Structures are given as structure tokens and as C-alpha cells.
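Enquirer: Note that the numbering used here has the sequence shown beginning at 354, numbered continuously upward. Positions of the beta carbon are idealized from the N, C-alpha and C atoms, including for glycine. Predicted model, so just to flag it, every value in this text is computed and none were measured. Pasting a structure below so you can have a look.
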Amino acid sequence: MSLRRRRATPAEGPKRPRFLFWEVSPLTRRRIDQFRQNRRGFWSLMIFVGIFAGTWLAEGFANDKPLLIELGGQRYYPILERYSERDFGGVFPTQPDYRERYFAQLIDEQGGRMIWPPIRFHHSTIDKLLPPGVSAPAPPSRQHWLGTDEAARDVVARLIYGIRESIVFALVLTLSSSVIGIAAGAVQGYYGGWVDLLFQRLIEVWGAIPFLYVVIIISSLVVPNLLWLIVILLFFTWTSLVGLVRAEFLRVRNFEYVKAARALGVRDRVIIVRHVLPNAMVSTITFLPFIMSGAVVSLTSLDFLGYGLSPEDYARLGELLNQGKNNTQAPWLAFSSFFTIAFMLTLLVFVGEAVRDAFDPRKTLV
């Protein structure tokens with residue numbers, strides 16, 4: 354028996370193109386090509402992904418700890434491991450302040466060297482070595498490219514970490530709310546009747562709850578963190594896709610193939626997941642970038658009003674924008690935060706428009 358691989362005959366037709374490990378159908382391939390033809394949306398996605406990937410390396414180029422310390426023939430990596438001052442020939446058993454002049458002299462006296470990241474500040478680092486006569490918020494300089502905020506923290510470092518936290522928050526909130534909203538809309542639209550009526554009344558009552566009041570009450574009871582804000586906003590954002598998915602299920606549930614599947618005894622769960630849900634996902638995916646941009650705006654608004662994350666533990670773009678409002682003599686605070694937020698939202702809107710056009714059946718490739 355021959356072990357050679359059998360060649361595909363002409364009758365079998367060309368093989369489907371593959372994306373990583375998945376086969377790409379002709380329709381999906383057409384949508385991908387149509388998305389790539391929208392140059393504005395395609396490059397917006399590339400820039401957005403590049404910025405998001407770069408912020409995950411923020412500790413490598415914006416940190417108050419050296420990347421590498423070479424001392425006595427040994428190498429130390431403070432950004433990866435925790436060391437005490439005694440490890441470098443010091444006196445105290447606690448972690449040293451690597452930015453102090455005392456520590457720099459300690460390393461120089463032993464013939465060692467330190468390799469620093471381009472920005473020698475973490476988002477929570479307070480610069481205690483501002484030039485004489487300069488008070489916070491300090492203007493842009495060679496050390497602080499975009500100046501400091503009113504707590505003497507580097508603005509560039511806070512922008513880098515703030516972008517990462519905003520995108521992570523928006524991604525988690527968008528995915529979580531989409532899963533709940535799609536599931537609720539699917540149940541409503543597929544079963545209809547009293548189930549649909551009950552869900553609709555529940556959503557109407559739920560939508561009448563004042564969102565900001567709930568956040569104020571919860572913020573007075575607990576110290577909000579990233580998880581708390583995601584949970585709070587999840588209670589109010591899961592309804593964004595319910596109406597869209599519900600309408601699609603109400604339309605598709607009376608199609609012939611759905612009735613045939615019911616007549617053959619196929620379970621409702623299988624019909625919903627395999628036969629009806631793919632049709633609803635086409636219109637749902639086009640809304641995800643816009644939901645994500647709304648999540649960024651929600652987090653920024655809460656931080657601006659003072660009901661968001663703690664400024665000591667998190668780099669908040671909204672809090673930096675609020676500082677710009679309160680410190681009109683330091684325009685770099687307002688300009689840097691405003692243009693950063695506007696740029697992120699613009700990229701997301703352009704990506705959303707490109708995705709919408711790619712899934713539009715009326716659009717054809719030129």
C-alpha cells in the first residue's frame with residue numbers, strides 16, 4: 354500500500370484558504386478582503402492593536418526601576434524581581450529607591466552600572482527632584498516630556514498606563530456584556546410569547562434605574578477598583594445588544610429550516626446555537642467596536658467625576674482630564690489627555706465603520 358499523499362483531483366475543486374488553523378469560507382474571505390480595502394479602518398485597527406500591544410511593555414520603557422543592574426559580575430533585573438538594598442551592598446533589608454542619589458552612588462562606588470528605561474517614572478512615581486523654583490504641575494522638560502500633574506507624576510507614564518487600563522477595561526466589559534446580551538436576546542426572540550413580554554418589561558424597568566446614582570451609592574460603601582467598575586457597568590450595558598439579537602431571532606425563527614429542525618426533534622439549544630445564532634452574529638459583530646468606545650467613554654466620565662478608580666493605584670485618563678480643567682495654567686494636562694482619548698475613540702469608530710461595511714451584503718468588492 355502506497356504511503357504517498359493523494360493529490361486532489363480537479364473535481365474536488367481548490368482548497369479553501371486557511372487562516373492560522375481554521376478554514377476560511379469564501380464568504381468570510383470576501384468580508385476580510387472588503388475590510389482590508391477600507392484603508393482607513395484597516396490602518397486604524399493596525400494602529401490600535403500596535404498601541405495596545407506596546408502598552409503591555411509599559412514596564413519596559415516607563416518605570417522607576419532599572420532594566421538591568423550589573424554589579425560584581427552579576428546581573429540583576431529589578432523590573433522582574435524584588436531585591437533588597439543589602440543585595441547591592443547597602444545597609445537596609447528593604448527594597449531600595451532606585452532613583453535616589455544615594456543608591457546611584459552606591460552602585461558607582463562598586464564599579465557597577467544601571468540601564469534605565471527611556472522614561473524613568475512609573476505612573477505612580479512622585480518626582481521629588483524637581484528643579485529649584487519649579488512646582489507641580491511642572492511644565493514639559495527634557496526629563497518630563499509632557500510635564501507632570503499636580504502630584505508631580507509624569508504625564509507620559511500616566512498616559513501609557515492609562516491607555517492600557519482603559520483598553521483592558523473596555524475589552525472585558527464589551528465581551529462580558531455582549532455574551533449576556535446575546536444570550537438574553539436569543540432567548541427572547543426564539544421563544545417569544547410570554548417569555549419575550551416578561552423580558553421586555555424587565556429591560557424597561559432596568560433601563561429606568563439611574564446609573565450614576567447607583568455608582569455614587571456603591572462608591573460610598575466600597576473602594577472601587579477595576580473589577581468593581583466592570584461589574585457595576587455590566588449591570589447597565591448588557592442591554593445594548595438585546596434588541597438587535599431579539600429582532601434577528603424573531604425574524605429567523607419562522608424560516609423553513611428552523612421549522613424543519615424542530616419537526617425532526619432537534620433540541621432548542623442546538624437550533625439556537627447552530628442555526629439561528631450565526632445569522633444574528635453578523636449584525637452583532639458590527640456593533641462591538643462602538644460598544645467598546647462607549648465603555649472607554651464611561652470609564653473616562655466616571656474618573657472625571659471622581660467616582661472611578663483610585664488615582665494612587667491606577668493611571669486614569671479621566672482624572673488627568675479633570676486636573677487639566679482645574680489647572681488652567683497647565684494646558685499640557687488638558688491637551689495631552691484630551692487628544693489621547695479623542696485619538697483612541699477615533700480609531701475605534703473608524704474600525705467600527707470598516708467592520709460594518711465588510712458585513713454589509715449590499716457592498717461589493719471593486
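(1) Tell me which same chain residues have a C-beta within less than 7 Å of the C-beta of G443, skipping the five on either side of it?
(2) Would you say the segment 493 to 513 touches the segment 546 to 560, given that touching needs at least three Cβ pairs under 8 Å?
(3) Taking the alpha carbon of R669 as the reference point, which residue from F414, N607, S689 has its own alpha carbon closest?
(4) Identify the continuous beta strand (DSSP E) that holds L424 and give its terminal residues.
(5) Using beta-carbon positions only, say whether L698 and S651 come within less than 7 Å of one another.
(6) Please state if the CB of L420 and the CB of P470 are separated by a distance shorter than 7 Å.
(7) On a CA-only basis, which of L582, A614, A537 is nearest A600? Give me that one, please.
(8) Using 10 angstroms around the beta-carbon of N679, count the other beta-carbons present and answer buried if the total reaches 16, otherwise exposed.
(9) Relative to the C-alpha of T592, which candidate in S663, F657, F640 has its C-alpha closest?
(10) In this structure, how does DSSP classify Q427 when only helix, strand and coil are distinguished?
(11) Using a Cβ-Cβ cutoff of less than 7 Å, which residues in the same chain neighbour I404 once the five nearest sequence positions on both sides are dropped?
(12) Do A539 and V605 have their beta-carbon atoms positioned less than 7 Å apart in this structure?
(13) In whole angstroms, give me the CA-to-CA distance for P446 and I583.
(14) Where does R466 sit, in a helix, a strand or coil, going by DSSP?
(15) Is S663 buried or exposed, if buried means 16 or more other CB atoms sit within 10 Å of its CB?
(16) Go through its chain and collect everything with a Cβ distance to V708's Cβ below 8 Å, but skip five positions before and after it.
(17) My output table needs one value for D417: the three-state DSSP class, helix, strand or coil.
(18) Please list the terminal residues of the continuous alpha helix (DSSP H) segment that includes T637.
(19) Which residue comes first and which comes last in the alpha helix (DSSP H) that contains F691?
(20) Does the ligand COA have even one heavy atom less than 6 Å from the beta-carbon of V619?
(21) Taking V509 as the reference, which of R473, S488, K481, E462 has the closest Cα?
(22) Mind reading off the beta-carbon distance from A411 to I569? Whole number of angstroms is fine, and I expect it under 8 Å.
Expert: Reading it off the structure:
(1) The beta carbon of G443 lies closer than 7 Å to those of P449, L459 in the same chain, with the five residues before and after it left out.
(2) The answer is no - the segment 546 to 560 does not touch the segment 493 to 513, with fewer than three Cβ pairs under 8 Å.
(3) For R669, the closest alpha carbon among the candidates F414, N607, S689 is that of S689.
(4) Judged by DSSP secondary structure, L424 falls within the beta strand (DSSP E) whose first and last residues are 421 to 424.
(5) No.
(6) Yes, they are a contact pair.
(7) Closest option to A600, judged by alpha-carbon separation, among L582, A614, A537: A537.
(8) By the 10 Å Cβ count, N679 comes out exposed.
(9) Comparing Cα-Cα distances from T592 to each of S663, F657, F640, the minimum goes to F640.
(10) If DSSP states are grouped into helix, strand and coil, Q427 belongs with the strands.
(11) Sequence-distant partners of I404 (beyond 5 residues in either direction) whose C-beta falls short of 7 Å from its own C-beta, in its chain, are I516.
(12) No; because the gap between Cβ atoms is not below 7 Å, this pair is not in contact.
(13) Approximately 38 Å, taken between the alpha carbons.
(14) DSSP places R466 in strand when its eight states are reduced to three.
(15) By the beta-carbon neighbour count (other beta carbons within 10 angstroms, threshold 16), S663 is exposed.
(16) F388, G394, I638, T639, L641, P642, listed in sequence order.
(17) Annotated three-state conformation of D417 is coil, per DSSP.
(18) Element bounds for T637: 630 to 638.
(19) Residues 684 to 711.
(20) No copy of the ligand COA appears in this structure; indeed no ligand is present at all.
(21) The shortest C-alpha to C-alpha distance from V509 to any of R473, S488, K481, E462 is the one to R473.
(22) Between I569 and A411 the Cβ distance is about 31 Å, and since that is not below 8 Å, they are no contact.
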